[in-house]
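> Have a look at this one.
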Amino acid sequence: MPESAPTVHGAAPTPAPSVFAWVAAVPVRLLDALLWVYQHTVSPALSALNPSMGCRFAPTCSHYARGALREHGLFTGLGLTVVRLAKCGPWHPGGEDPVPPRSRPVCTAVRRQA
100 MPESAPTVHG AAPTPAPSVF AWVAAVPVRL LDALLWVYQH TVSPALSALN PSMGCRFAPT
160 CSHYARGALR EHGLFTGLGL TVVRLAKCGP WHPGGEDPVP PRSRPVCTAV RRQA
């Protein structure tokens, strides 16, 4: 495995992903593939059987789940998806509900000046 990925148009080299990061991403990729299959097979069939049976949210729950898994990873993405699915009922009006952005930790270390 190379030490760094090739540069594009003079950009700084980025480190190549580690084997651990690739292996850790496998469950997310598998769930993403299952959701893709659902979106392209089961969901259209359900819509054809009952046209009034549509999702009350934008994006749909399956699109939300795929986005949450990609943005937040396995555990947080699954947690966000479960919360979203819990909203799917007559007690919630629905509407626009995008995947929240990933919060990145802020570095609090201060460099010493020489």
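Each residue of the sequence shown is one higher than the last, beginning at 100 in the working numbering.
Glycine included, every Cβ here is placed at the ideal spot set by N, Cα and C.
Note that the structure is predicted; figures quoted are calculated from it, not measured.
1) Let me know if F156 comes out buried or exposed under the rule of 16 or more other beta-carbons within 10 Å of its beta-carbon.
2) According to DSSP, simplified to helix, strand and coil, what is A123?
3) To the nearest angstrom, report how far apart S117 and R128 are at their CA atoms.
4) Assuming R165 and D131 form a contact by the criterion Cβ under 8 Å, report the distance between their Cβ atoms to the nearest whole angstrom.
5) Span of the alpha helix (DSSP H) holding V181?
6) Beta-carbon separation of L173 and P126 under 8 Å?
Looking at the atomic coordinates:
1) buried
2) helix
3) 16 Å
4) 6 Å
5) 173-186
6) yes
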